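Enquirer:
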Amino acid sequence: MKSTEKTAIADTAPPQTSVIDLSKKGRQKLRSRCYDEAKTLFRSGLDLEPENPYLLSGMGDACRETADFSEAERCYKLLLEVDRGNLFALRGLGDVYKKLNRHQEAIQLWETYLSLRPQDKHVMTRIADSFKLLQQFELAEQAYENILKIAPRDRFALTGLADLQHRLGKDEEAIRTYERVLSFDPNELHILTIVGKLCWRISDFNLAEQYFRRALKVDPQNPYALYGLGNCFRWSQEYEKALEIWQEILKHSDGTQALHTRMGDAYFNLGKLSEAESAYRRALTFGEDIFSTAGLVCLFAEQQKWDQAIEFFYLLMSSEPEVPHRGDLLIRRFIRSGQRDVMLELFALIIDSYEENNNVISYLEDQVKQLV
Numbered sequence: 182m183k184s185t186e187k188t189a190i191a192d193t194a195p196p197q198t199s200v201i202d203l204s205k206k207g208r209q210k211l212r213s214r215c216y217d218e219a220k221t222l223f224r225s226g227l228d229l230e231p232e233n234p235y236l237l238s239g240m241g242d243a244c245r246e247t248a249d250f251s252e253a254e255r256c257y258k259l260l261l262e263v264d265r266g267n268l269f270a271l272r273g274l275g276d277v278y279k280k281l282n283r284h285q286e287a288i289q290l291w292e293t294y295l296s297l298r299p300q301d302k303h304v305m306t307r308i309a310d311s312f313k314l315l316q317q318f319e320l321a322e323q324a325y326e327n328i329l330k331i332a333p334r335d336r337f338a339l340t341g342l343a344d345l346q347h348r349l350g351k352d353e354e355a356i357r358t359y360e361r362v363l364s365f366d367p368n369e370l371h372i373l374t375i376v377g378k379l380c381w382r383i384s385d386f387n388l389a390e391q392y393f394r395r396a397l398k399v400d401p402q403n404p405y406a407l408y409g410l411g412n413c414f415r416w417s418q419e420y421e422k423a424l425e426i427w428q429e430i431l432k433h434s435d436g437t438q439a440l441h442t443r444m445g446d447a448y449f450n451l452g453k454l455s456e457a458e459s460a461y462r463r464a465l466t467f468g469e470d471i472f473s474t475a476g477l478v479c480l481f482a483e484q485q486k487w488d489q490a491i492e493f494f495y496l497l498m499s500s501e502p503e504v505p506h507r508g509d510l511l512i513r514r515f516i517r518s519g520q521r522d523v524m525l526e527l528f529a530l531i532i533d534s535y536e537e538n539n540n541v542i543s544y545l546e547d548q549v550k551q552l553v
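Using my numbering, the letters of the sequence shown correspond one by one to residues 182 to 553.
Here's what the structure looks like:
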């Protein structure tokens, strides 16, 4: 073959891709979230160099992102056999174990990572979150505090710590921590609604109203803020305003069971019994609910529709172990709405009409003796 012909063939032959090129292209596909293409490139490279650390870490990352955790674990472990201190493998394998709910193993890997890179706040946050999931709350709290020592405005550490304080019932501390986030991100809608709920829980209703109003300035149709603001009006017995706010939610959704129950209560307190009944019944379409059922008992008793009142009374008391709890709830509702005499009349009617000696009748007889 002439030399000119050999040169022509060489010019048209496909170039052989190097391991370095495969690694670079794989990383590009990984960053673009083209995971299957990335894995194909990494796999081609590993066929040439099975222990290449860049290819192993890339393949591990791509498999982790596609939930192929067994293959990701294999790649990271191979890499750690070659390089025990490889940061990508330590962090990546920890992430795999977190996804598999093997949090203690994940923490051990991440702590090894931090011994080599001590102030990586992202990995520190992973450790704190896993401690929280393991219910090792003191360790979680300390881990979040350690992050905030080096990054006082770190959003993930602040929200993680606030969530932990909320879980532990430290609502006032949680509010203060969330407010630190709002100090540099004042329009964070999710946090505004959370703080509003926390203020409601500690009975600071005026402050709760302020936060819900702030949230509605950001998103006028936010259902959580609308529901919370309506609750504030309900607390101050401004039932018409509460209903007006809650109706805004129903313009865009079917609402929730709690919302319809609250609306039933508001209508009942306004003496709008037909609307109250509709709201309570709508709440029950979501499933069993003792609050809307108790509302219907009070409503039908108020109207002296005794058969219906008794029907829903027994529905309310259908769970025998919960008879005292549910009965106390009903009594509080009767008394709160000024229906004590109506309640006693209903109880007397049930005792006279039903002779079976069960927990419900025994409970009613005891309560009537205490209330008359």
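Glycine included, C-beta positions come from ideal geometry on N, C-alpha and C. Source: prediction; values computed, not measured.
1. Can we say the region 308–328 touches the region 341–351, given the rule of at least three CB pairs closer than 8 Å?
2. Per DSSP, what kind of secondary structure is M498 in: helix, strand or coil?
3. Quick one: using the 10 Å Cβ neighbour count with 16 as the cut-off for buried, is E501 buried or exposed?
4. Please classify L263 as buried or exposed, where buried requires at least 16 neighbouring CB atoms within 10 angstroms.
5. What is the rounded straight-line gap between the Cα of Q209 and the Cα of R255?
6. Alpha carbon to alpha carbon, how far is K550 from K398?
7. Three or more C-beta pairs closer than 8 Å, one from the region 412–422 and one from the region 478–491: is that the case here?
8. What three-state label does DSSP hand L339 in the structure shown?
9. Output the distance between the C-alpha atoms of A460 and F386, rounded to the nearest integer angstrom.
10. Leaving out the 5 sequence neighbours to the left and right, which residues in its chain are closer than 6 Å to K220 when beta-carbon positions are compared?
11. How would you write the range of the alpha helix (DSSP H) that T221 sits in, first residue to last?
12. Between the alpha carbons of V523 and L530, how many angstroms are there, rounded?
13. Considering Cα atoms alone, identify which of L236, E218, P505, L211 is closest to I201.
14. Between R265, K205, A248, which lies nearest to G239 when the distance is taken from Cα to Cα?
15. With the cut-off set at 9 Å, would you say F528 and L545 are in Cβ contact?
16. Check this for me: beta carbons of I383 and Y359, under 9 Å apart or not?
17. For a minimum of 4 consecutive residues, which ranges assigned as the alpha helix (DSSP H) are wholly contained in the region 419–483?
18. Classify F552 as buried or exposed, calling it buried when 16 or more other Cβ atoms lie within 10 Å of its own Cβ.
19. Just mark N368 as buried or exposed, buried being the case when its beta carbon has 16 or more other beta carbons within 10 Å.
20. By how many angstroms is the C-alpha of V362 removed from the C-alpha of R336?
21. Under the assumption that A343 contacts A355 (Cβ atoms under 8 Å), give the Cβ distance between them as a whole number of angstroms.
22. What residues in its chain sit with their C-beta under 7 Å from that of E456, if we drop five residues either side in the sequence?
23. Taking DSSP as the reference, what is the three-state secondary structure of Q548?
24. Is it buried or exposed, T306, if we count other Cβ atoms within 10 angstroms and call 16 or more buried?
25. I need the straight-line Cα distance from L454 to P404, nearest angstrom please.
26. Going by DSSP in three states, E186 sits in which element: helix, strand or coil?
27. Pick helix, strand or coil for V523, following the three-state DSSP scheme.
28. Along the chain, which unbroken stretches of the beta strand (DSSP E) at least 3 residues long are found entirely within the region 322–398?
29. Report the three-state DSSP secondary structure of V541 (helix, strand or coil).
30. L451 and E429: beta carbons closer than 9 Å?
31. Does DSSP put Q485 in a helix, in a strand, or in coil?
32. So, for F481: in the same chain, excluding its five sequence neighbours on each side, which residues have a beta-carbon less than 6 Å away from its beta-carbon?
33. Could you tell me the distance, in whole angstroms, from the CA atom of A191 to the CA atom of R272?
34. Rank N282, R212, L370 by C-alpha distance to the C-alpha of R395 and give the top, closest one.
Expert: Taking the geometry as given:
1. yes
2. coil
3. exposed
4. The sequence given here has Val at residue 263, not Leu. That one is exposed.
5. 22 Å
6. 53 Å
7. no
8. helix
9. 25 Å
10. A243
11. 216–229
12. 11 Å
13. L236
14. K205
15. yes
16. no
17. 420–431, 438–450, 454–465, 471–483
18. What sits at residue 552 in the sequence shown is Leu, not Phe. Label assigned to L552: exposed.
19. exposed
20. 6 Å
21. 5 Å
22. Y448
23. helix
24. buried
25. 25 Å
26. Residue confidence is low: E186 scores 43 on pLDDT, short of 50, so the model does not pin down where it sits. Its coordinate-derived value is still stated next. In the structure shown, E186 sits in a helix (DSSP, three-state: H, G or I).
27. helix
28. none
29. helix
30. no
31. coil
32. Q489, A490
33. Unreliable positioning characterises A191 in this predicted model, as indicated by a pLDDT of 40, which lies under 50. The coordinate reading is nonetheless provided below. Going from the Cα of A191 to the Cα of R272 covers about 45 Å.
34. L370
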